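In my numbering, the protein residues as written are 239 to 680.
Just so you know, even glycine gets a beta-carbon here, dropped at the ideal spot from N, CA and C.
Given the structure is predicted, the values throughout are model-derived calculations rather than measurements.
Worksheet: the structure to be examined is printed underneath.
This is how it looks when you write it as structure tokens:
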């Protein structure tokens, strides 16, 4: 049900409209791969700040000895120093870390059986814990096989203590710190959220305690080394994890927004003058050239545009524009406010075929539904449709406010330059209501 399907990095960038962001987004990467990629950035590049994902699972044996590691090592062979032809030759010969499936399983089982979990863990090793779950000793309430399997998976992925002297991920992150210092980069490590509550439900308090200990170690170590460490480990609510049958870091929209906000707040120390708090924003605008905060993700058209090169094409097969939407969690504006919505449309429109809809629901129960029509349909290439409504007493928990254009004709029309203004009743802007109603950046 996500309306905004963007990545965490894109959502964090919303807070810094004056900064250029670049993102490397590929699953299963870890610090060792990040290091190799960061080393490829030219020394004279304009990069100022690096934000690196810190995935707690990646420090465990289950990831370190994953079958995907050979694939990752193969893919980065071409990044090695030396002639490209030679690197391709090495790739063909599999001249990279590739121990084979059997050896990986042996290594993994050795760690499960021999890596001690410390004096406060209920079992000395991960394997002993897994065996206890299997026999019903650890959590007798795990009566169904699916819950038992998931509990054992949590143990395999998170039942470990980070040894800073031997863990390869620690070595990788240390080298990233060294590289950042050498290049003069500002460095942020983002500890991703894990489903700690699910782990607690399935295995008890001991596993979350281990996870917290590892988190504390990482925060302390890398803060001391000069990096900003954003602790998002427990930020995302259990209900917002998309994958229910396997522990992953895939979150629903609200979860991604929560992680992104914490990253953005951490960067404020570097860019205080550029920071623009999305939750305090009162003006939302999109010209559909790129995704914009507050608006659903959409498919655009380049056939016609009022500004830029993109607009939204509405026709019988796609009668609705991307919606602007706002919940109480998305804004810190409280109390009564006036909502002013406007958009421009182009195309053949007769009667009441073009509509501007403003809707307010609370837990899927409609509280308000307003439909506006163009006041004047002219011969201009682009006409404006606008409407204003008083939100009283303001957004409450469970509220969902949406605004969108709706076309019920048989032709194709285009929508561009969608504006939404939220004017709190105690704002000085409220005195200029008449002027604001018809304003637009374009």
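Identify the continuous beta strand (DSSP E) that holds residue i and give its terminal residues.
i, result
"residue 662", "651 to 662"
"residue 523", "521 to 524"
"residue 402", "Taken as a continuous stretch (DSSP letters only), residue 402 belongs to no beta strand (DSSP E), as it is neither H nor E."
"residue 608", "603 to 610"
"residue 424", "424 to 429"
"residue 627", "621 to 629"
"residue 340", "Segment 339 to 352 is the alpha helix (DSSP H) holding residue 340; no beta strand (DSSP E) there."
"residue 288", "287 to 292"
"residue 469", "466 to 469"
Using beta-carbon positions only, say whether residue i and residue j come within less than 9 Å of one another.
i, j, result
"residue 635", "residue 575", "no"
"residue 532", "residue 508", "no"
"residue 522", "residue 658", "yes"
"residue 429", "residue 395", "no"
"residue 291", "residue 424", "no"
"residue 294", "residue 405", "no"
"residue 393", "residue 417", "no"
"residue 652", "residue 534", "no"
"residue 262", "residue 272", "yes"
"residue 597", "residue 641", "yes"
"residue 704", "residue 448", "Residue 704 is absent from the model: the chain starts at 239 and stops at 680."
"residue 432", "residue 362", "no"
"residue 541", "residue 530", "no"
"residue 475", "residue 492", "yes"
I need the boundaries of the alpha helix (DSSP H) containing residue i, first residue and last residue.
i, result
"residue 386", "383 to 396"
"residue 367", "364 to 373"
"residue 452", "444 to 462"
"residue 272", "269 to 276"
"residue 434", "434 to 441"
"residue 248", "246 to 251"
"residue 571", "Premise fails: residue 571 is in no alpha helix (DSSP H) and is neither H nor E."
"residue 302", "299 to 302"
For residue i, I'd like the list of residues in its chain whose CB is within less than 6 Å of its CB, leaving aside the five on either flank, ordered along the chain.
i, result
"residue 671", "With a pLDDT of only 43 at residue 671, under 50, the local geometry of the prediction cannot be trusted, and the value read off the model is given with reservation. Hits under 6 Å: none found."
"residue 668", "With a pLDDT of only 45 at residue 668, under 50, the local geometry of the prediction cannot be trusted, and the value read off the model is given with reservation. Cβ neighbours of residue 668 beyond the five flanking positions: 661."
"residue 646", "591"
"residue 472", "434"
"residue 680", "Low confidence applies to residue 680: its pLDDT is 45, below 50, so where it sits in the model is not reliable, and the reading given next is rough at best. So the qualifying residues of the chain are 545, 655."
"residue 629", "575, 577"
"residue 243", "535"
Could you name the residues of the same chain whose beta carbon sits closer than 7 Å to that of residue i, not counting the 5 residues immediately before and after it, in chain order?
i, result
"residue 506", "513"
"residue 249", "494, 495, 498"
"residue 256", "512"
"residue 461", "467"
"residue 359", "444, 448"
"residue 240", "490, 491"
So, at 8 Å on beta carbons, what are the nonlocal neighbours of residue i in its own chain, with the 5 sequence-adjacent residues on each side left out?
i, result
"residue 611", "590, 592, 593, 594, 623"
"residue 674", "Bear in mind that a pLDDT of 45 at residue 674, under 50, signals an unreliable position, so the number given afterwards is only what the model happens to contain. Taken in chain order, the residues that qualify are 578, 659, 661, 667."
"residue 573", "631, 632, 662, 663, 664"
Can you tell me which residues form a DSSP beta bridge with residue i?
i, result
"residue 642", "595"
"residue 579", "625, 658"
"residue 562", "533, 641"
"residue 590", "For residue 590, which the question treats as bridged, DSSP gives no partner whatsoever."
"residue 600", "603, 637"
Quiz item: Counting only runs that start and end within the segment 472 to 555, where is the beta strand (DSSP E) found for 3 or more residues in a row?
Solution: Whole beta strand (DSSP E) segments, 3+ residues: 521 to 524, 550 to 552.
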